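Chains as they are written, first to last, in our numbering: chain F, 1 to 242; chain A, 243 to 587.
Worksheet: the structure to be examined is printed underneath.
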Ligand SMILES: Nc1ncnc2c1ncn2[C@@H]1O[C@H](COP(=O)(O)OP(=O)(O)O)[C@@H](O)[C@H]1O
Ligand SMILES: [Mg+2]
């Protein structure tokens, strides 16, 4: 049905980053994953997307077992992600960054021109929607931090994912852009895309999400709608330090 | 779309290359110069073949000398031991080396950066040991004599092989150009920039790397095999030498790995210098030192090679305005722009 993990564990040397994370996200909704620094949110994303192999546990997505699959297989299953530290291809143009997300259907398709008219049109469409079309020809490395975050998202959207994992989309971003990202997430969600958002900006989380999962020390300690999470004592204790 | 000026530059480069390749045998004053030219041309094919891996994916292989050696010995042995026609043997050796490149690539391409470089060196050393000690088959350090494919005079022999190498170079350049503009090529360049990110976007990075490694190995084997048929005498020490791989890296980096003609230009510069050194000083360790120093200088001062460096110099001299809308930028240009931005702040 949806993105789901059972008893996900991961230790780095002596540090336990994930300690039996059993989580089920809501399909078609905007989910948030919050928790203090070091509570394992990024590691969770890395395990779900296959960038890191979990020590144990299972990942399933829409009835499909994705445990231990390679990142590109998971991406092709329909899960897209952004990175906390925003990863783009700095020496390629912004347009090529988006085109690099095109998946050839076979050997002959792979040998077709990278700047095929149809794909280039789609890529420009995403750049336009994210408001950075005027930077299409610029080397991605010369874009500002906020523009790079938008560009990364444009690349992910080019893969047409059903579910999008965002790792701190508001990190280091100015208020105007923050607004735009919020609106964009809502629109994309209305178009049928599921979101899981790791975020520290509580205003954004509370206003945006339908369902919140709270992590502490590598496992969920609470979940529910914003109204419940806001007043949950365990959450206040562990996370907000109250 | 490529701009008009970059298309013109490309067209002019192809014309220049074709003219050079067609006229050199007629211009060479004696067979010796022609044969030196063939050595340089053979380097150009090897460096262009190397650039399928090095240029697109950024994986720096020092082991390509060994792939050329395998192509050479494969061809030589198929002619001498199996009695095959020279060019059938060449094609078969290419196929065999390509097949062998699959397990080699699967082992080597698992590791990145410096580890990959070291694995590629290990490949050369292992093959050197095998071919030196398996004397009954390979002739060991006494060498393997490969009969000439045509019954021609020495100058004619050189002339024919000059054109054969020219054809192979054209084929390798064409293949590189096709990949460069393809989706496959863009995926490979994404690997060069950030392999994990490329994979996260759905690119099967390992398969991409492996395919381009096999393509590279195929062209390298053809160049090695053709060399065997031309030169007619193989010695494991020269065929399986880390030095050959180092020369190829130097040539490609010097010319510019992101440019179709980069490795070719680098091969021209380094190859001519090597041949000159050989004549002036004989086979001394001196050119080893010179190679090392040159490599260090290139990496330090022209990380994108001479072609892009010359290109950005030209662009700076030209009035601003006319710029291609979509194209790769070089590290030098990127640094330049960053510097300009910093000044503005
Ligand atoms: N690659 C790694 N190597 C070693 N330790 C790591 C690695 N990645 C994360 N950790 C550790 O795992 C814990 C969880 O980190 P992380 O998942 O980044 O947390 P969050 O994203 O919630 O801030 C931290 O203690 C962190 O130091
Ligand atoms: Mg994190």
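Using N, Cα and C, we set each Cβ at its ideal position, and we do this for glycine too.
As the structure is a prediction and not an experimental result, all values here were calculated from the model.
Original post:
CB of residue 50(F) to nearest heavy atom of ligand 1: below 6 Å?
Top reply: Start at 1 with the first residue of the first chain, and residue 50(F) comes out as number 50. Incorrect: residue 50(F) has no Cβ contact closer than 6 Å to ligand 1.
Subject >> Three-state secondary structure assigned by DSSP to residue 211(F) >> reply: Your numbering for residue 211(F) matches position 211 in the first chain. When secondary structure is reduced to three states using DSSP, residue 211(F) falls in the strand class.
**OP:** Please report the Cβ distance between residue 45(F) and residue 81(F), rounded to the nearest whole angstrom; I am assuming they are in contact, meaning their Cβ atoms lie under 8 Å.
**Re:** Locating residue 45(F) in the first chain gives position 45, where the first residue counts as 1. Locating residue 81(F) in the first chain gives position 81, where the first residue counts as 1. Going by Cβ atoms, the distance from residue 45(F) to residue 81(F) rounds to 6 Å, so yes, they are a contact pair.
Original post:
For residue 474(A), which residues from the same chain have a beta carbon less than 8 Å from its beta carbon, with the 5 sequence-adjacent residues on both sides left out?
Top reply: As a working mapping, residue 474(A) is identified with position 232 in the second chain. Excluding residues up to 5 positions away in sequence, 387, 388, 389 and 390 lie with their Cβ nearer than 8 Å to the Cβ of residue 474(A) in the same chain.
Subject >> Selection from 493(A), 511(A) and 517(A) that minimises the alpha carbon distance to residue 622(A) >> reply: As displayed, chain A neither begins before 243 nor continues past 587, which places residue 622(A) out of reach and without an answer.
**OP:** List the residues of chain F that residue 428(A) touches, going by C-beta distances under 7 Å, in chain order.
**Re:** Mapped onto the second chain, residue 428(A) falls at position 186. Under the 7 Å cutoff, chain F gives 96, 99, 100 and 114.
Original post:
Can you list, in chain order, the stretches of the beta strand (DSSP E) that have 3 or more residues and sit fully within the stretch 142 to 222 of chain F?
Top reply: For the stretch 142 to 222 of chain F, whole beta strand (DSSP E) runs of length 3 or above, ordered along the chain, are 163 to 167, 194 to 198 and 211 to 216.
Subject >> Coarse secondary structure for residue 482(A), derived from DSSP in three states >> reply: Walking along the second chain from the start, residue 482(A) turns up at place 240. Taken through DSSP and simplified to helix, strand or coil, residue 482(A) comes out as coil.
**OP:** Name the one or two DSSP bridge partners that residue 12(F) has.
**Re:** The sequence position of residue 12(F) within the first chain is 12, counting from 1. Answer is 15(F), bridged to residue 12(F).
Original post:
When you check each C-beta in the stretch 127 to 155 of chain F against every C-beta of chain A, which residues fall closer than 8 Å?
Top reply: Residues passing the 8 Å Cβ filter: 136, 137, 139, 141, 142 and 155.
Original post:
Any beta-carbon of chain A closer than 7 Å to the one on residue 211(F)?
Top reply: Looking up residue 211(F) in the first chain gives position 211. By this cut-off, residue 211(F) is not an interface position.
Subject >> Exposure of residue 348(A), with buried meaning 16 or more beta-carbon neighbours within 10 Å >> reply: Against the second chain, residue 348(A) aligns to sequence position 106. Exposed, by the Cβ-count rule.
Original post:
Counting pairs of beta carbons, one from the stretch 458 to 467 of chain A and one from the stretch 323 to 338 of chain A, are three or more of them closer than 8 Å?
Top reply: Touching, yes.
**OP:** Would you mind listing the alpha helix (DSSP H) stretches within the stretch 79 to 122 of chain F that are 4+ residues and don't spill past its ends, in chain order?
**Re:** Within the stretch 79 to 122 of chain F, the complete alpha helix (DSSP H) runs of at least 4 residues are 94 to 99 and 107 to 110.
Original post:
Listed in chain order, which residues of the stretch 349 to 360 of chain A have Cβ atoms closer than 7 Å to some Cβ of chain F?
Top reply: So the list is empty, because no residue satisfies the distance condition.
Subject >> residue 59(F), DSSP secondary structure in three states >> reply: In the first chain, counting from the first residue as 1, residue 59(F) sits at position 59. Strand, per DSSP.
**OP:** Confirm the yes/no value for this check: CB of residue 42(F), any heavy atom of ligand 2, distance under 6 Å.
**Re:** The residue given as residue 42(F) occupies position 42 in the first chain. Residue 42(F) Cβ: within cutoff of ligand 2.
Original post:
Can a CB atom of chain A be found closer than 7 Å to the CB of residue 54(F)?
Top reply: The residue labelled residue 54(F) in the question sits at position 54 within the first chain. Residue-level contact check: residue 54(F) does not touch chain A, since none of the beta carbons of chain A fall below 7 Å from its beta carbon.
Subject >> Length at least 4, wholly inside the stretch 336 to 418 of chain A: the alpha helix (DSSP H) runs in chain order >> reply: DSSP runs (the alpha helix (DSSP H)) wholly in the stretch 336 to 418 of chain A: 355 to 375 and 377 to 380.
Subject >> Counted within 10 angstroms of its Cβ, other Cβ atoms place residue 406(A) as buried (16 or more) or exposed >> reply: The count along the second chain starts at 1 and reaches residue 406(A) at position 164. Per the 10 Å Cβ criterion, buried.
Original post:
Can you list, in chain order, the residues of its chain whose CB lies under 7 Å from that of residue 589(A), leaving out five sequence neighbours each side?
Top reply: Any question about residue 589(A) goes unanswered here, given that chain A covers just 243 to 587.
Original post:
Any idea if residue 37(F) is buried or exposed, counting beta-carbon neighbours within 10 angstroms, 16 or more meaning buried?
Top reply: Counting from 1 along the first chain, the entry for residue 37(F) is found at position 37. Classification of residue 37(F): exposed, given that the 10 Å Cβ count is below 16.
**OP:** Kindly indicate which three-state DSSP category residue 245(A) falls into: helix, strand or coil?
**Re:** Here residue 245(A) corresponds to residue number 3 of the second chain, with the count starting at 1. In the structure shown, the three-state DSSP call for residue 245(A) is coil.
Original post:
Would residue 444(A) count as contacting chain F if we go by Cβ distances under 7 Å?
Top reply: By 1-based counting over the second chain, the position of residue 444(A) is 202. It does; some Cβ of chain F falls within 7 Å.
**OP:** Tell me, please, whether the CB atom of residue 424(A) is closer than 7 Å to any CB atom in chain F?
**Re:** Locating residue 424(A) in the second chain gives position 182, where the first residue counts as 1. With 7 Å as the cut-off, residue 424(A) counts as an interface residue toward chain F.
**OP:** Report, in whole angstroms, the separation of the C-beta atoms of residue 218(F) and residue 39(F), which I expect to be a contact under 8 Å.
**Re:** Along the first chain, read from residue 1 onward, the residue named residue 218(F) stands at position 218. Along the first chain, read from residue 1 onward, the residue named residue 39(F) stands at position 39. With 8 Å as the limit, residue 218(F) and residue 39(F) qualify as a contact, their Cβ atoms being about 7 Å apart.
Original post:
To the nearest angstrom, how far is it from the Cα of residue 179(F) to the Cα of residue 354(A)?
Top reply: Your numbering for residue 179(F) matches position 179 in the first chain. Your numbering for residue 354(A) matches position 112 in the second chain. Across the structure, residue 179(F) and residue 354(A) are spaced so that their CA atoms are roughly 40 Å apart.
Original post:
Hey, is residue 374(A) close to ligand 2, as in C-beta under 6 Å from one of its heavy atoms?
Top reply: What you label residue 374(A) is simply residue 132 of the second chain in a count that begins at 1. No, since every heavy atom of ligand 2 falls outside the 6 Å radius drawn around the Cβ of residue 374(A).
Subject >> Residue-level contact to chain A via CB, residue 111(F), 7 Å cutoff >> reply: Walking along the first chain from the start, residue 111(F) turns up at place 111. It does: the Cβ of residue 111(F) has a partner Cβ on chain A nearer than 7 Å.
Original post:
So, is the C-beta of residue 435(A) closer than 7 Å to a C-beta in chain F?
Top reply: Against the second chain, residue 435(A) aligns to sequence position 193. The beta-carbon of residue 435(A) is placed less than 7 Å from the nearest beta-carbon of chain F.
**OP:** For residue 520(A), decide whether its Cβ has a neighbour in chain F, counting only Cβ atoms nearer than 7 Å.
**Re:** Numbered from its first residue, the second chain carries residue 520(A) at position 278. So no, residue 520(A) is outside the interface.
Original post:
Between residue 206(F) and residue 252(A), what straight-line distance do the alpha-carbon atoms span, to the nearest angstrom?
Top reply: Residue 206(F) sits at position 206 when you count from the first residue of the first chain. Residue 252(A) sits at position 10 when you count from the first residue of the second chain. Cα-Cα distance, rounded: 56 Å.
Original post:
For the alpha helix (DSSP H) that residue 247(F) lies in, which residues bound it at each end?
Top reply: Because residue 247(F) is not part of the residues shown, which for chain F are 1 to 242, the question remains open.
Subject >> Limits of the alpha helix (DSSP H) - the one that residue 74(F) falls within >> reply: Working through the first chain from its first residue, we reach residue 74(F) at position 74. Its alpha helix (DSSP H) spans residues 71 to 76.
Original post:
Between residue 15(F) and ligand 3, is the CB less than 6 Å from at least one heavy atom?
Top reply: Ligands present in the displayed structure are limited to ligand 1 and ligand 2, and ligand 3 is not among them.
**OP:** Under 7 Å Cβ to Cβ from residue 496(A), same chain only, skipping five residues before and after it: list those, please.
**Re:** Counted from its first residue, the second chain places residue 496(A) at position 254. Around residue 496(A): 508, 511, 512, 540, 547 and 548.
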